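Heads up: the structure comes next, in structure tokens.
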Amino acid sequence: MTDILSIRDLTVEYTTRRGTARAVDTVSLNLEENRTLGLAGESGCGKSTLGRAIMRLVSYPGRIVEGEIIFNIEEDIQAEKHSINRGDVDLRELSEDQMRMLRGKEIAYIFQDPMTSLNPMLSIGDHFTQLMKAHDPEIEKEAALERAGELLDSLGISPERVKDYPHQFSGGMRQRVMIGLGLALRPKLLISDEPTTSLDVIVEAQILEEMAELKEEFNLTMILITHNLGVLAQTADDIAIMYTGRLVEIAPTDVLFEDPQHPYTQALLDSVPDVTKPEKKLSWIPGAPPDLVESPPGCMFHPRCPFVMDVCREVVPSLSESKIGGKVACHLYTGG
Ligand code: SF4
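Numbers 868 to 1203, taken from this note's numbering, label the letters of the sequence shown in order.
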């Protein structure tokens, strides 16, 4: 399998009045074609920033300060001044005009909140038409609307509703519209940021099922960003766990749930309610994630870790092979 995406030492910093906060800290990972990677961790762990950094959508006062984002482009992209040759391309090297050609067409991003991402003044059909015309000025409005109708239909919304406006849709339907917009240009990689947050569990289950079907139909590779490990258990092939901007563990989903290696992953999974074990007491992770402006030395998790050793307070653990076929960043497995 080809890697569609290889991230190397990607680092994103935000400048604040109090100092520099490193929101994504030397993250490296590979994503194979047609797989779904779940990015998980507590709020503020850097998972959404990492997703936006892949799209080069980190806005001021944030900026990518280091690293490579290698994306595999299958076919040459021809444009008057901004052509991109096929092959592995470092997205950090592309101009903003070239990135604009890639966004939506090669890599699409579904943002967290559909109500604020959709323009209340535009009909759903207008959203689709504008998106398609931005990439193909020749496309006729009728053809764009027909394509929009087909996409809505495959997401369980009547094609007739292209005429309607965002406020006429329920939360679940708006989320489906966002998914349809994400797929409108047939991207290879779809990054979806908390796609089912704020939806009830029944609508959530329906949308996750539809996304899984569309992934097959569109031959998609996906990154699913969520704090909800239950969602990832159903949808992701692999899970990457982030803590304070760093990748602390990555492994195939089934083995990660079976035998998590990193103490933070273990604590996260322990804090998920299990309906099959009602007698199990819910646990929580003591303390809070550190302040990113004044982060502790060594392993960022050490102030909360029950297995902390002296070395953990001084040396940053590197990501190395784990016994479950993934990678883990913890001194417990490297002997310091
Ligand atoms: Fe805990 Fe040390 Fe491992 Fe960090 S490196 S998770 S502090 S054992």
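Cβ coordinates follow ideal geometry from the N, Cα and C atoms, glycine included.
Note that this is a predicted model, so its numbers are computed, not measured.
Three-state secondary structure (DSSP) at valine 1195? As a working mapping, residue 1195 is identified with position 328 in the sequence shown. In the structure shown, valine 1195 sits in a strand (DSSP, three-state: E or B).
Please tell me whether, using a cut-off of 8 Å, the distance from the CB of methionine 1109 to the nearest non-hydrogen atom of the ligand SF4 is below it. The count along the sequence shown starts at 1 and reaches residue 1109 at position 242. Checking the Cβ of methionine 1109 against the ligand SF4 gives no.
According to DSSP, is aspartate 993 part of a helix, a strand, or is it coil? For the purposes of this step, residue 993 is taken as the residue at position 126 of the sequence shown. Here aspartate 993 sits in helix by DSSP.
With distances taken between CB atoms, is the gap from histidine 1094 to alanine 1196 smaller than 9 Å? Position 227 of the sequence shown, counted from the start, is the residue given in the question as residue 1094. Position 329 of the sequence shown, counted from the start, is the residue given in the question as residue 1196. Contact: no.
Kindly examine the ligand SF4 and report whether one of its heavy atoms sits closer than 8 Å to the Cβ of leucine 1199. Taking the sequence shown and counting its residues from 1, one reaches residue 1199 at position 332. Because some heavy atom of the ligand SF4 lies under 8 Å away, the Cβ of leucine 1199 counts as near it: yes.
Over the uninterrupted alpha helix (DSSP H) stretch that includes tyrosine 1131, give me the two end residues. The residue you call residue 1131 lines up with position 264 of the sequence shown. 1130-1137 is the extent of the alpha helix (DSSP H) around tyrosine 1131.
4-residue-minimum alpha helix (DSSP H) runs that sit fully inside the segment 1004-1080, ordered along the chain: 1008-1021, 1038-1050
Thinking C-alpha only, which one of Leu1099, Ser895, Leu1048 is nearest arginine 1014? Mapped onto the sequence shown, residue 1014 falls at position 147. It is Leu1048 whose Cα lies nearest to the Cα of arginine 1014.
For tyrosine 1200, does the three-state DSSP call read helix, strand or coil? Against the sequence shown, residue 1200 aligns to sequence position 333. Helix, per DSSP.
Can you find a heavy atom of the ligand SF4 that lies under 8 Å from the Cβ of tyrosine 1131? Within the sequence shown, the letter at position 264 stands for residue 1131. Answer for tyrosine 1131: yes, Cβ within range of the ligand SF4.
Residue span of the alpha helix (DSSP H) that contains arginine 967, given as start and end: Residue numbering aside, residue 967 sits at position 100 when the sequence shown is read from its first letter. Run containing arginine 967: 963-969, per the alpha helix (DSSP H) assignment.
For the alpha helix (DSSP H) containing alanine 1103, list its first residue and its last residue. To locate residue 1103, count along the sequence shown from 1; it is residue 236. That residue, alanine 1103, is in no alpha helix (DSSP H); it is neither H nor E in DSSP.
For glycine 1112 versus arginine 889, is the C-beta spacing smaller than 9 Å? If you number the sequence shown from 1, residue 1112 lands on position 245. If you number the sequence shown from 1, residue 889 lands on position 22. In this structure, arginine 889 lies closer than 9 Å to glycine 1112 by Cβ.
According to DSSP, what are the bridge partners of isoleucine 937? Position 70 of the sequence shown, counted from the start, is the residue given in the question as residue 937. For isoleucine 937, which the question treats as bridged, DSSP gives the partners Ser873, Asp957.
On the DSSP bridge assignment, give the partners of glutamate 1084 in chain order. As a working note, residue 1084 is residue 217 in the sequence shown. Per DSSP, none; premise fails for glutamate 1084.
Could you tell me the alpha carbon to alpha carbon distance between leucine 898 and leucine 1056, rounded to whole angstroms? Working through the sequence shown from its first residue, we reach residue 898 at position 31. Working through the sequence shown from its first residue, we reach residue 1056 at position 189. Between leucine 898 and leucine 1056, the C-alpha separation is close to 10 Å.
For aspartate 892, tell me which candidate among Ile991, Gly913, Asp993 has the shortest Cα-Cα distance. Walking along the sequence shown from the start, residue 892 turns up at place 25. Checking every option, the nearest Cα to that of aspartate 892 belongs to Gly913.
In whole angstroms, give me the CA-to-CA distance for aspartate 876 and phenylalanine 978. As a first step, residue 876 is located in the sequence shown; it is residue number 9 there, counting from the start. As a first step, residue 978 is located in the sequence shown; it is residue number 111 there, counting from the start. Taking the straight line joining both Cα atoms gives about 24 Å.
Tell me which residue opens and which closes the beta strand (DSSP E) that valine 1115 is part of. Looking up residue 1115 in the sequence shown gives position 248. Run containing valine 1115: 1113-1119, per the beta strand (DSSP E) assignment.
Would you give the residue range spanned by the beta strand (DSSP E) that threonine 916 belongs to? As a working note, residue 916 is residue 49 in the sequence shown. Note, threonine 916: premise wrong, no beta strand (DSSP E); alpha helix (DSSP H) at 914-921.
How is glycine 886 classed by DSSP in three states: helix, strand or coil? Residue 886 sits at position 19 when you count from the first residue of the sequence shown. Glycine 886 falls in the strand class under three-state DSSP.
Going by C-alpha distance, which of Val1115, Leu1087, Leu1114 is nearest lysine 1103? In the sequence shown, counting from the first residue as 1, residue 1103 sits at position 236. The sequence given here has alanine at residue 1103, not lysine. Cα-wise, what sits closest to alanine 1103 is Leu1087.
Beta-carbon separation (whole angstroms), aspartate 1105 vs leucine 917, contact threshold 8 Å: As a working mapping, residue 1105 is identified with position 238 in the sequence shown. As a working mapping, residue 917 is identified with position 50 in the sequence shown. With a Cβ gap of about 15 Å, aspartate 1105 and leucine 917 do not count as contacting.
Within the present structure, is the beta-carbon of proline 1184 separated from the nearest heavy atom of the ligand SF4 by less than 8 Å? Here residue 1184 refers to the residue found at position 317 when the sequence shown is read from its first residue. Yes, the ligand SF4 has a heavy atom inside 8 Å of this Cβ.
What do you reckon, is the C-beta of methionine 999 under 8 Å from a heavy atom of the ligand SF4? The residue given as residue 999 occupies position 132 in the sequence shown. Checking every heavy atom of the ligand SF4 against the Cβ of methionine 999, none is found closer than 8 Å.
Classification of lysine 1147 by the beta-carbon crowding that lies within 10 angstroms, buried from 16 upward: Locating residue 1147 in the sequence shown gives position 280, where the first residue counts as 1. Exposed: under 16 other Cβ atoms inside 10 Å.
CA-to-CA distance, lysine 1194 to aspartate 1177, given in whole angstroms: As a position in the sequence shown, residue 1177 is number 310, starting the count at 1. As a position in the sequence shown, residue 1194 is number 327, starting the count at 1. Each residue's Cα considered, the two are about 22 Å apart.
Output the boundary residues of the alpha helix (DSSP H) element that contains threonine 983. Within the sequence shown, the letter at position 116 stands for residue 983. Its alpha helix (DSSP H) spans residues 981-984.
Distance between valine 1070 and glutamine 1042 (C-alpha atoms, nearest Å): Here residue 1042 corresponds to residue number 175 of the sequence shown, with the count starting at 1. Here residue 1070 corresponds to residue number 203 of the sequence shown, with the count starting at 1. The alpha-carbon atoms of glutamine 1042 and valine 1070 are separated by roughly 10 Å.
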